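So the structure is just underneath, and the comments pick up after that.
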């Protein structure tokens, strides 16, 4: 979680500069330097516009994954937030899941010996 906070600024700067640099390509805006005028709908913009849209939305989605989803999923594991306020160790999501499957109803799950004999028998 701290790493997400530390890396927030560089990731956002990189993502936003790339997205803002692609906006003219995606919208079809250009500059005609010979006549010193803005041009819209140039022939090359029709060619590059789909690629620019894919880069813009892909970069926005991956930035959201990097800064929000990955730290949240990491906090579900045992490596997330370290301690409770009283100094005891927090139990992560996967530890809770593992202890759930140690309940008596799940103790013999997947231990059917007859099926194992059938599968291991060579014919």
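In the numbering used here, the protein residues as written are 1078 to 1200.
Beta carbons are placed, not taken as given, at the ideal position from N, Cα and C, and that holds for glycine.
Everything numeric in this text was worked out from a predicted model, so none of it was measured.
Pairwise C-alpha distance: residue j and residue i
| i | j | result |
| --- | --- | --- |
| residue 1111 | residue 1091 | 32 Å |
| residue 1121 | residue 1139 | 27 Å |
| residue 1151 | residue 1114 | 51 Å |
| residue 1086 | residue 1118 | 34 Å |
| residue 1201 | residue 1145 | Outside the shown range of the chain (1078 to 1200) lies residue 1201, about which nothing can therefore be said. |
| residue 1105 | residue 1134 | 17 Å |
| residue 1116 | residue 1097 | 18 Å |
| residue 1102 | residue 1124 | 10 Å |
Presumed contact (8 Å Cβ cut-off) between residue i and residue j, rounded CB distance
| i | j | result |
| --- | --- | --- |
| residue 1094 | residue 1136 | Wrong, their Cβ atoms sit about 10 Å apart, outside the cutoff. |
| residue 1143 | residue 1083 | Rounded, the Cβ-Cβ distance is 13 Å, inconsistent with contact. |
Buried versus exposed call for residue i [16 or more other C-beta atoms within 10 Å across all chains shown]
| i | result |
| --- | --- |
| residue 1128 | exposed |
| residue 1141 | exposed |
| residue 1131 | exposed |
Which residues DSSP lists as bridging residue i, in chain order
| i | result |
| --- | --- |
| residue 1115 | 1108 |
Near the ligand ADP: residue i beta-carbon under 7 Å from a heavy atom
| i | result |
| --- | --- |
| residue 1126 | With respect to the ligand ADP, the structure offers nothing, as it holds no ligand at all. |
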